[in-house]
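Numbering (the UniProt record's numbering), first residue to last: 1 to 259. Every residue gets a Cβ at the ideal spot worked out from N, C-alpha and C, and that includes glycine. It should be emphasised that the depicted structure is a prediction, and the values quoted were computed from it without experimental measurement. The next block holds one structure in the form of structure tokens; read it before the comments.
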């Protein structure tokens, strides 16, 4: 047998061994790849065609979008096509979603994806946007009741009147998010499992906030707020309060006592 034939047999044998790995291991391998590269593994063979569609995470970042901007005359149309493929082909739950796109001009197509996520039991949700105006989160977002980690930037949060918060949140990060004081209060008061809280550059001046979070460990707050009451926070170890306005009252209360 020739050397070339031996090489082909070894190569095919190696491919077969990888393809025959348990699906959980293959999914773990694919999760280390960017979403675009994971999807490209579908061309390897019929066995691999839909493996990417079952991975429980979805990451959309500038690496994907910059390639679209560079290689296509109609980048928004191409981006919409990619999202449509994800929507139509993905199978099973998506537990982790991360979208961080500096070059995106609007989010109409992202909203369709959020509808899918609301039905998938998403637990980790990151949406960081740099738009000319705040992007209003669609109603489907407020149905993501299994959320454990929430990270938003450049968004407008205006929930329906019957919204009672995300009761399973462990970490909450809001940066340049347009949110009313009462809605922020609902988010914080409903999250008794909350361990980490970050609030940066909320546009409105907040009057009074109350934190009831028995598992809260760290707080970073850089926004205009007149007073914060830390109530029932026995394990709170780190607090960073950075006022934005010099005329703030600067009243911060811990356990009901002024500090």
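Residue i versus residue j: straight-line alpha-carbon distance, rounded
| i | j | result |
| --- | --- | --- |
| residue 94 | residue 205 | 36 Å |
| residue 114 | residue 126 | 11 Å |
| residue 163 | residue 142 | 7 Å |
| residue 232 | residue 218 | 14 Å |
| residue 101 | residue 151 | 14 Å |
| residue 98 | residue 207 | 32 Å |
| residue 197 | residue 180 | 17 Å |
| residue 129 | residue 175 | 10 Å |
| residue 225 | residue 185 | 13 Å |
| residue 144 | residue 169 | 11 Å |
| residue 110 | residue 220 | 28 Å |
| residue 43 | residue 187 | For residue 43, the predicted structure reports a pLDDT of 48, less than 50, and the residue's modelled location is therefore unreliable. A value from the coordinates is still provided. Approximately 44 Å, taken between the alpha carbons. |
| residue 222 | residue 154 | 15 Å |
Secondary structure of residue i, DSSP reduced to three states
| i | result |
| --- | --- |
| residue 220 | strand |
| residue 97 | strand |
| residue 158 | coil |
| residue 139 | helix |
| residue 82 | helix |
| residue 89 | helix |
Endpoints, the alpha helix (DSSP H) within which residue i is located
| i | result |
| --- | --- |
| residue 271 | Outside the displayed span of the chain (1 to 259) sits residue 271, for which this structure offers no information. |
| residue 187 | 181–189 |
For residue i, the first and last residue of its enclosing beta strand (DSSP E)
| i | result |
| --- | --- |
| residue 210 | 206–212 |
| residue 122 | Taken as a continuous stretch (DSSP letters only), residue 122 belongs to no beta strand (DSSP E), as it is neither H nor E. |
| residue 196 | 196–200 |
Chain C within 8 Å of residue i, Cβ atoms only
| i | result |
| --- | --- |
| residue 55 | Checking the listed chains, one finds no chain C in this structure; it contains a single protein chain. |
Beta-bridge partners of residue i, as assigned by DSSP
| i | result |
| --- | --- |
| residue 153 | 128, 175 |
| residue 61 | 100 |
| residue 238 | 218 |
Reference residue i; option with closest CA among the options
| i | options | result |
| --- | --- | --- |
| residue 243 | 202, 212, 214, 231 | 202 |
| residue 263 | 237, 149, 60, 120 | Outside the displayed range of the chain (1 to 259) lies residue 263, so it cannot be described from this structure. |
| residue 210 | 173, 227, 134 | 227 |
| residue 119 | 128, 132, 135, 91 | 91 |
| residue 82 | 194, 58, 96 | 58 |
| residue 171 | 225, 229, 109, 213 | 213 |
| residue 138 | 123, 225, 159, 148 | 159 |
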